[in-house]
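A.B. asks: The sequence shown begins at 1 in UniProt numbering and counts up by one. Ideal Cβ positions, reconstructed from N, Cα and C, are used throughout, including at glycine.
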Amino acid sequence: MFIDMHCDTLLKLYEHPGTKLNENTFQIDLQRMKKSLIDLQNFAIFIELGTVADPYVRYQEMLAIYQAELAANQDLIRPVLTYDDYISNQNEHLLSAMLTMEEGAPLAGRIDRLEQCYQDGVRMLTLTWNMENELGFPNANYVDPATQILTNLAQKGLKAAGRDIVTRMAELGMIIDVSHGSDQLVWDVLATTPVPFVASHSNCRSLCPHSRNLSDELIRAIAERGGVIGLNYFADFITFDSSLSLPVQLAKHADHLKNIGGLGCIGLGSDFDGIRPSEDLPDILALELLVDALQKNGFTAREIDAIGYQNVARLYKDLL
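Put into structure tokens, the structure is as follows:
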């Protein structure tokens with residue numbers, strides 16, 4: 001059974017009051033999750049800066065949705081706060097949910113807010129989304145808007161508060177996520193803490209030059225630290241040859257990650273319910289199409305297991 005490090009289904013539930021996690025028309029629900037290869041899904045609380053008056057209030061509202069949905073479906077899915085929780089859920093044939101947060105703004109740079117989020121069950125934090133916040137800077141600040149390709153490499157990374165937050169995250173056992181962050185932010189995380197971390201939903205820039213993807217240098221550095229990079233299913237972050245299907249192209253991103261960082265750095269981070277549906281990778285059930293593409297690209301069953309869950313499970317075991 002596989003692990004998906006990122007989705008935005010909580011945002012869909014927030015935006016569509018009355019919809020339910022158990023069954024819906026989004027890209028992920030529990031009924032399809034039961035039929036899929038995924039048994040641990042990370043659910044992100046996402047806050048888009050500029051659209052909310054108080055990011056922390058929005059965080060609390062979405063936290064309440066997560067808690068209510070898990071309470072309503074505890075016969076199907078249980079939260080994961082520790083690695084042992086994940087193993088216990090597997091032994092009881094239950095699905096697992098890990099709460100994450102995509103956007104550091106609700107913290108307002110405050111350690112006490114971070115500690116409260118940890119108490120709330122958040123176990124992974126994406127430091128920035130696409131706008132500058134109190135913690136640091138995203139790559140979106142440094143791109144050509146028309147192409148989304150980086151044009152300015154004179155970047156800023158972590159701010160002082162961001163360094164403090166990253167240090168405390170490592171102490172708490174909350175996983176640091178650098179997806180969306182500027183290249184310099186990733187280098188700053190590497191310099192600030194010795195712990196491994198993730199880019200939960202990012203692909204390879206040398207194949208698809210979007211700023212949301214990682215350079216070979218960053219891939220190598222994250223891998224050498226023991227981190228994991230989650231393959232993102234969004235066409236804009238995958239496509240380098242439109243004559244090939246998205247699963248086939250994504251398998252080639254996996255192959256590139258393996259060549260640059262080694263097999264141990266590859267995981268999954270679908271970004272479902274935060275991306276436009278595609279015919280090739282429409283929803284959570286489409287993971288079987290990616291597995292087939294990986295097999296045809298030469299990945300063995302053992303290697304696919306490493307990509308699907310073992311690499312991320314190892315990180316969770318070490319850090320949570």
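Looking only at its own chain, which residues have a Cβ that is under 6 Å from the Cβ of S211, when we skip the five neighbours before and after it?
C.D. replies: On the sequence shown, position 211 is the one that residue 211 refers to. Excluding sequence neighbours, S211 sits near N139, V143, Q148 and L150.
A.B. asks: Quick one: is D112 buried, meaning 16 or more other Cβ sit within 10 Å of its Cβ, or exposed?
C.D. replies: Mapped onto the sequence shown, residue 112 falls at position 112. Counting Cβ neighbours within 10 Å, D112 comes out exposed, since fewer than 16 surround it.
A.B. asks: Could you pull out every residue in the same chain whose Cβ sits closer than 6 Å to the Cβ of G264, ignoring the five residues on either side in sequence?
C.D. replies: Within the sequence shown, numbered from 1, the residue matching residue 264 stands at position 264. Same-chain partners within the cutoff: N311.
A.B. asks: Hey, is the region 269-285 in contact with the region 9-21, meaning 3+ C-beta pairs nearer than 8 Å?
C.D. replies: As far as the Cβ criterion goes, the region 269-285 touches the region 9-21, which means the pair count is three or higher.
A.B. asks: Smallest Cα separation from M101: which of Q74, D85, R78 and P55?
C.D. replies: Mapped onto the sequence shown, residue 101 falls at position 101. Of the candidates Q74, D85, R78 and P55, the one whose C-alpha sits nearest the C-alpha of M101 is P55.
A.B. asks: Straight-line CA distance for Y14 to V195?
C.D. replies: Numbered from its first residue, the sequence shown carries residue 14 at position 14. Numbered from its first residue, the sequence shown carries residue 195 at position 195. Straight-line Cα distance between these residues: approximately 33 Å.
A.B. asks: Starting from M62, trace the beta strand (DSSP E) in both directions and tell me its first and last residue.
C.D. replies: As a working note, residue 62 is residue 62 in the sequence shown. Element bounds for M62: not the beta strand (DSSP E) but the alpha helix (DSSP H), P55 to A72.
A.B. asks: Taking the alpha-carbon positions, what's the N73 to L81 distance?
C.D. replies: Counting from 1 along the sequence shown, the entry for residue 73 is found at position 73. Counting from 1 along the sequence shown, the entry for residue 81 is found at position 81. If you take the alpha carbons of N73 and L81, they lie about 17 Å apart.
A.B. asks: Return the chain-ordered list of same chain residues with a C-beta closer than 8 Å to the C-beta of P282, the five sequence neighbours on each side being excluded.
C.D. replies: In the sequence shown, the residue the question calls residue 282 occupies position 282. Only Q27 meet the Cβ criterion.
A.B. asks: For P145, count neighbouring Cβ atoms within 10 angstroms of its own Cβ and tell me buried if that reaches 16, exposed if not.
C.D. replies: Translated into positions along the sequence shown, residue 145 becomes position 145. By the neighbour-count rule (16 or more Cβ atoms within 10 Å), P145 is not buried but exposed.
A.B. asks: Measuring alpha carbon to alpha carbon, tell me which residue in K34, A199, A306 and A68 is nearest R220.
C.D. replies: Taking the first residue of the sequence shown as position 1, residue 220 is located at position 220. Answer by Cα proximity: A199.
A.B. asks: Is D177 near M124, with beta carbons less than 9 Å apart?
C.D. replies: On the sequence shown, position 177 is the one that residue 177 refers to. On the sequence shown, position 124 is the one that residue 124 refers to. For D177 and M124, yes; Cβs fall inside 9 Å.
A.B. asks: Mapping the DSSP letters down to three states, classify F234 as helix, strand or coil.
C.D. replies: Mapped onto the sequence shown, residue 234 falls at position 234. Coil at F234, not helix or strand.
A.B. asks: From the DSSP output, which residues share a beta bridge with N42?
C.D. replies: Counted from its first residue, the sequence shown places residue 42 at position 42. Looking at the DSSP assignment, N42 forms a beta bridge with M98.
A.B. asks: Taking the CB atoms as reference points, tell me whether L287 and L268 lie closer together than 9 Å.
C.D. replies: As a working note, residue 287 is residue 287 in the sequence shown. As a working note, residue 268 is residue 268 in the sequence shown. Contact: yes.
A.B. asks: Quick check on this structure: which residue in L107, R32 and T239 has the alpha carbon closest to the alpha carbon of I77?
C.D. replies: The sequence position of residue 77 within the sequence shown is 77, counting from 1. When each option's Cα is compared against that of I77, the closest is R32.
A.B. asks: Does V143 come out as helix, strand or coil in the three-state DSSP assignment?
C.D. replies: The residue you call residue 143 lines up with position 143 of the sequence shown. Three-state result, V143: strand.
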